[in-house]
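Residue numbering for the sequence shown follows our numbering, starting at 100 and increasing by one per position.
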Amino acid sequence: MEDNLNLISEKSRGIMQDIEVLRTLIQQEEAIKRDLRKSYQEYISGEISKKMYDELVNAYTQEISQLRSRIANLLYRIIDSSRKIYESAYSEIKKISESLE
100 MEDNLNLISE
110 KSRGIMQDIE
120 VLRTLIQQEE
130 AIKRDLRKSY
140 QEYISGEISK
150 KMYDELVNAY
160 TQEISQLRSR
170 IANLLYRIID
180 SSRKIYESAY
190 SEIKKISESL
200 E
């Protein structure tokens with residue numbers, strides 16, 4: 100029982116940490132999108148050239164792609180940890196139920 104409770108506690112802490120990192124990554128993606136919109140306005144107004152704008156779009160696109168990959172990995176980890184918590188909790192409930200019979 101103690102092992103399952105420790106696992107549940109450990110996985111729960113990990114999920115909370117992953118959620119904080121996830122929030123940060125999403126905020127970074129939003130900041131990049133704002134920068135991209137600003138760059139578009141600068142391009143439209145003639146402040147930057149088409150070539151410069153295209154280079155910025157490519158750089159922003161790569162950054163967003165990397166962020167989304169990290170986000171996907173975090174979500175997978177959160178789902179996997181949640182599954183392990185569920186399995187451990189189910190195991191404990193089953194043991195308690197059997198001991199009551």
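The C-beta atom is built at its ideal place from N, Cα and C for all residues, glycine as well.
For residue 186, three-class secondary structure by DSSP = Counted from its first residue, the sequence shown places residue 186 at position 87. Residue 186: helix per DSSP, three-state reduction.
Which word fits residue 180, buried or exposed, when buried means at least 16 other C-beta atoms lie within 10 angstroms of its C-beta?
-> For the purposes of this step, residue 180 is taken as residue 81 along the sequence shown, with counting starting at 1. Buried, since its Cβ has 16 or more Cβ neighbours within 10 Å.
By the 10 Å Cβ neighbour count, where 16 or more other Cβ atoms means buried, how is residue 195 classified, buried or exposed?
-> Looking up residue 195 in the sequence shown gives position 96. It is exposed - the Cβ of residue 195 has fewer than 16 other Cβ atoms within 10 Å.
Cα-Cα separation, residue 113 to residue 173 | One-based indexing of the sequence shown puts residue 113 at position 14. One-based indexing of the sequence shown puts residue 173 at position 74. Cα-Cα distance, rounded: 11 Å.
Grab the span of the alpha helix (DSSP H) containing residue 113 for me, first residue to last.
-> As a first step, residue 113 must be located in the sequence shown, where it is residue number 14. Note, residue 113: alpha helix (DSSP H), 101–143.
Within 10 angstroms of the Cβ of residue 137, are there 16 or more other Cβ atoms? Answer buried if so, exposed if not.
-> The residue labelled residue 137 in the question sits at position 38 within the sequence shown. When all chains shown are included, residue 137 counts as exposed.
Beta carbon of residue 121 nearer than 7 Å to that of residue 159 | Mapped onto the sequence shown, residue 121 falls at position 22. Mapped onto the sequence shown, residue 159 falls at position 60. Not closer than 7 Å, so no.
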